[in-house]
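Following the working numbering from start to finish, the sequence shown increments by one per residue and tops out at 289.
Just so it is clear, CB atoms sit at the ideal spot from N, CA and C, and this is done for glycine as well.
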Amino acid sequence: MLENNSFSPREVRYLRISKTQVLQMILYTKPEYTSWFSDHVFQLVLAALQPLIPKKISDSKSKDPPAEIYRSGVFQMAYTIVNSTQPRHYLLLQNAPVKVEEEESFGAREKQKDFTYDGFTIYKKALVVVVEPYDPHRTVEVPDFITLERKTPTIRDYIPSNDAANGAT
């Protein structure tokens, strides 16, 4: 947990995607939004990403997927999977020490066993997320290194064509 809910413009987190594997998440916010970006907003972002990540990982295996946009009433974000540029590193989870009672000649005594560590494999790609407060009059500003595929919807996207309406294939 972060102290004082302080976030910086670039945060690195690790999301567990299986029992032994984690996905590196690089989270970007503009400096002027760091006071807005609280732990509550971070939890909303994680909840929104949870169902989206498996498909994004699957898409990234065959090609470099473009960034996608997600909007909620509180925030909007662009997210994509990119090749990780971080130097090789490892992630360990420290388990709490185990207290074991040992019998001695004059009574029981607690002995603390050493900490144990679980290692995780870091997925070879990283999830990049750019998040900002939702404003319906502004689009998400995505860093240059992220490819963004945009299609502006038109009225034709919501009205079937005459051929489709008449049953033509």
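- With a 10 Å radius around the Cβ and a threshold of 16 neighbouring Cβ atoms, Gln144 comes out buried.
- Residues of the same chain with a CB within less than 7 angstroms of the CB of Thr236, apart from the 5 flanking positions on each side, are Asn215 in chain order.
- Between Val248 and Thr200, the C-beta spacing is below 7 angstroms.
- For the set Phe195, Pro186, Ile242, the Cα lying nearest the Cα of Arg136 is the one of Ile242.
- Assignment of Asp159 by DSSP, reduced to helix, strand and coil, places it in the helix class.
- Distance from Ser204 to Lys244 at the Cβ level is roughly 6 angstroms; contact confirmed, criterion being Cβ atoms closer than 8 angstroms.
- The beta-carbon separation of Val202 and Ala167, rounded to 22 angstroms, does not stay under the 8 angstroms limit for a contact.
- For Tyr254, the closest C-alpha among the options Asp234, Thr140, Gly239, Ile189 is that of Ile189.
- In this structure, Phe195 lies away from Thr154, with their beta-carbon atoms at least 7 angstroms apart.
- Remark: C-beta atoms of Pro151 and Pro129 approach each other more closely than 7 angstroms.
- Rounded to whole angstroms, the gap between the alpha carbons of Trp156 and Asp238 is 34 angstroms.
- Pro256: not part of any alpha helix (DSSP H); DSSP gives it neither H nor E.
- Rounded to the nearest whole angstrom, the CA to CA distance from Phe240 to Thr140 is 5 angstroms.
- Per DSSP, Ile173 is one residue of the alpha helix (DSSP H) stretching across 173-182.
- Within the same chain, and ignoring the five residues on either side of Val165 in sequence, the residues whose Cβ sits closer than 8 angstroms to its Cβ are Leu147, Phe195, Met197, Val249, Val251.
- In terms of Cα proximity to Ser192, the closest of Arg133, Gln163, Glu131 is Gln163.
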